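Participant:
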Amino acid sequence: MGLTHVVIYTNSLLASQWFQKVIKPPWHLLAWWRKIHEEVHLDNFQIKHVYREGNRAVDHLARLGIKFKSDGAANCSTDKTLRQITLGDRLQIPNIRLPS
Numbered sequence: 001m002g003l004t005h006v007v008i009y010t011n012s013l014l015a016s017q018w019f020q021k022v023i024k025p026p027w028h029l030l031a032w033w034r035k036i037h038e039e040v041h042l043d044n045f046q047i048k049h050v051y052r053e054g055n056r057a058v059d060h061l062a063r064l065g066i067k068f069k070s071d072g073a074a075n076c077s078t079d080k081t082l083r084q085i086t087l088g089d090r091l092q093i094p095n096i097r098l099p100s
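With our numbering, letter number 11 in the sequence shown gets 11, and the count goes up by one each step, no holes.
(1) If you draw a straight line from the alpha carbon of residue 33 to that of residue 84, how long is it in whole angstroms?
(2) Is the region 22-37 in contact with the region 45-63, if contact means three or more CB pairs nearer than 8 Å?
(3) Is it buried or exposed for residue 19, if we count other Cβ within 10 angstroms and need 16 for buried?
(4) Leaving aside the five residues before and after residue 52 along the sequence, list all residues of the same chain whose C-beta is less than 6 Å from its C-beta, in chain order.
(5) Residue 58 by DSSP, collapsed to three states: which one?
(6) Please report the distance separating the alpha-carbon of residue 80 from that of residue 56.
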């Protein structure tokens, strides 16, 4: 692919801890997890935890993909919700996390 540095942000704290080897994944995922580690060159790859609010654009696109069974294409100029999310990111408007 020619990528020199890859950073993946996930809202799954558990998955990021598995990848960083802070904790071990469950035994039924070990074979799958080993295959991932074989494919990933750890010198140019990072995984970081981000709160769900920081992952809003990705969550929105994933929901669209499931809803329309698409291959990942989205039109930012016609998708009002995605436009609002990306504008808020560009303007660095913070996401407020309220306790439930």
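All C-beta atoms, glycine included, are put in the ideal place defined by N, C-alpha and C. In this text the structure is predicted, and so the values were computed from the model without any measurement.
Facilitator: By the coordinates alone:
(1) 36 Å
(2) no
(3) buried
(4) 11
(5) helix
(6) 14 Å
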